[in-house]
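Q: Chains as they are written, first to last, in my numbering: chain A, 121 to 235; chain B, 3 to 116.
Backbone N, C-alpha and C fix where the C-beta goes; we use that ideal spot for every residue, glycine too.
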Amino acid sequence: GAVVSQHPSWVICKSGTSVKIECRSLDFQATTMFWYRQFPKQSLMLMATSNEGSKATYEQGVEKDKFLINHASLTLSTLTVTSAHPEDSSFYICSAWDYQSGELFFGEGSRLTVL
Amino acid sequence: QKEVEQDPGPLSVPEGAIVSLNCTYSNSAFQYFMWYRQYSRKGPELLMYTYSSGNKEDGRFTAQVDKSSKYISLFIRDSQPSDSATYLCAMGGWANFGNEKLTFGTGTRLTIIP
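1) Mind listing the chain A neighbours of B/M36? Cutoff is C-beta to C-beta under 9 Å, in chain order.
2) Kindly say whether B/K58, judged by its beta-carbon, lies nearer than 8 Å to any beta-carbon of chain A.
3) Nearest to B/P116 by alpha carbon, out of B/L104, B/G109 and B/D80?
4) Tell me whether A/D147 sits in a helix, a strand or coil according to DSSP, three-state version.
5) Can you give, in chain order, each stretch of the beta strand (DSSP E) that sits fully within the region 42 to 95 of chain B and has at least 3 residues?
6) Which of the three DSSP states is assigned to A/P206 in this structure?
7) Counting pairs of Cβ atoms below 8 Å between the region 180 to 188 of chain A and the region 25 to 40 of chain B, do you hit three or more?
8) How big is the Cα-Cα spacing for A/T169 and A/H191?
9) Are B/C91 and B/V6 closer than 8 Å when you measure CB to CB?
10) On the CB-based measure, 16 or more other CB atoms within 10 Å of its CB, does A/D147 come out buried or exposed?
11) Less than 8 Å between CB atoms is the rule here; does A/E228 satisfy it with respect to chain B?
12) Kindly list, in the order they appear in chain B, the residues whose Cβ is closer than 9 Å to that of A/S163.
13) Using a threshold of 8 Å, state whether the C-beta atoms of B/G109 and B/Y89 are closer than that.
14) Using 10 angstroms around the beta-carbon of A/S203, count the other beta-carbons present and answer buried if the total reaches 16, otherwise exposed.
15) Given B/Y51, which residues of its chain have a CB within under 6 Å of its CB, disregarding the five upstream and five downstream residues?
16) Please state whether DSSP places A/V182 in a helix, a strand or coil.
17) Near A/M165, what residues of its chain come up, given a Cβ to Cβ distance below 7 Å and the 5 sequence neighbours on each side ignored?
18) Which residue marks the beginning of the beta strand (DSSP E) containing A/Y219, and which one marks its end?
In structure tokens form, the structure reads like this:
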């Protein structure tokens with residue numbers, strides 16, 4: 121089946137630094153990708169919808185200047201957590217639609233720890 | 003009222019039992035339904051999806067949709083310890099298929115006891 125790859129799978133950074141997470145659709149093109157955040161033992165929380173070639177659509181309460189999303193190609197979306205703080209530590213997951221199969225596939229997730 | 007309701011559990015059953023996981027929804031515009039399995043510290047993995055009322059079977063898994071009652075189920079037969087995970091239901095409408103975000107349940111944590 122289709123594969124969505126995330127990188128890095130685990131990142132530790134110092135408070136105040138920025139971290140970029142990549143989400144790639146490996147064998148299909150994805151005009152729409154989604155970014156989620158998940159705290160331990162909680163469900164997915166949608167942060168934003170990433171649209172290829174246009175600005176991302178953010179959910180209410182998500183700071184667009186803090187969580188920068190770029191969807192520059194049909195196979196790559198990036199999430200940059202700017203000026204990260206310990207409260208940004210979380211599990212970040214992306215997903216992408218495969219139009220051919222009509223399925224939404226998820227990446228493996230990226231665990232961010234901010235010290 | 004949430005658009006999608008799912009009992010968060012936790013649910014513990016003995017190995018070999020039949021597991022029934024359920025979601026109810028309120029939005030009649032939902033037309034396609036998915037079940038995901040998520041192991042700890044991993045991304046969700048698509049198990050099954052269906053676009054119509056009725057049953058869909060895949061190995062030990064059966065997805066059931068009753069649009070008239072706005073109720074979906076996932077059954078796991080001959081449950082195995084490896085089935086221990088969180089199961090998320092998700093659904094969406096046709097209006098903007100493939101572009102719109104799915105609406106997720108909160109997930110049910112399942113543990114299969116050997």
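A: Reading from the atomic positions:
1) Here residue 36 of chain B refers to the residue found at position 34 when the second sequence is read from its first residue. The contacting residues are E223 and L224.
2) On the second sequence, residue 58 of chain B is found 56 positions in, with the first residue counted as 1. For B/K58, the answer is no, since every Cβ of chain A falls outside 8 Å of its Cβ.
3) Residue mapping note: residue 116 of chain B aligns to position 114 of the second sequence, counting from 1. Restricting attention to B/L104, B/G109 and B/D80, the CA atom closest to the CA of B/P116 is found in B/D80.
4) Here residue 147 of chain A corresponds to residue number 27 of the first sequence, with the count starting at 1. Residue state, collapsed to three classes: coil.
5) 47 to 52, 56 to 60, 63 to 68, 73 to 78 and 87 to 95
6) Working through the first sequence from its first residue, we reach residue 206 of chain A at position 86. It is helical.
7) no
8) The residue you call residue 169 of chain A lines up with position 49 of the first sequence. The residue you call residue 191 of chain A lines up with position 71 of the first sequence. Going from the Cα of A/T169 to the Cα of A/H191 covers about 10 Å.
9) Numbered from 1 along the second sequence, position 89 holds the residue referred to as residue 91 of chain B. Numbered from 1 along the second sequence, position 4 holds the residue referred to as residue 6 of chain B. In contact: B/C91 and B/V6 (Cβ atoms closer than 8 Å).
10) Locating residue 147 of chain A in the first sequence gives position 27, where the first residue counts as 1. Per the 10 Å Cβ criterion, exposed.
11) For the purposes of this step, residue 228 of chain A is taken as the residue at position 108 of the first sequence. With 8 Å as the cut-off, A/E228 counts as an interface residue toward chain B.
12) Counting from 1 along the first sequence, the entry for residue 163 of chain A is found at position 43. Going along chain B in sequence order, the residues near A/S163 (Cβ under 9 Å) are Q8, P10, T88, L90, F106, G107, T108 and G109.
13) Within the second sequence, residue 109 of chain B is the residue found at index 107, counting from 1. Within the second sequence, residue 89 of chain B is the residue found at index 87, counting from 1. B/G109 places its beta carbon less than 8 Å from that of B/Y89.
14) Taking the first residue of the first sequence as 1, we reach residue 203 of chain A at position 83. Under this definition A/S203 is an exposed residue.
15) For the purposes of this step, residue 51 of chain B is taken as the residue at position 49 of the second sequence. Sequence-distant Cβ neighbours of B/Y51 in its own chain, meaning closer than 6 Å and more than five residues away, are M36.
16) Stepping through the first sequence from its first residue, residue 182 of chain A is reached at position 62. The answer is coil: DSSP assigns A/V182 none of H, G, I, E or B.
17) The residue given as residue 165 of chain A occupies position 45 in the first sequence. Excluding sequence neighbours, A/M165 sits near Y156, R157 and Q158.
18) What you label residue 219 of chain A is simply residue 99 of the first sequence in a count that begins at 1. Unbroken run through A/Y219: none, as it is neither H nor E.
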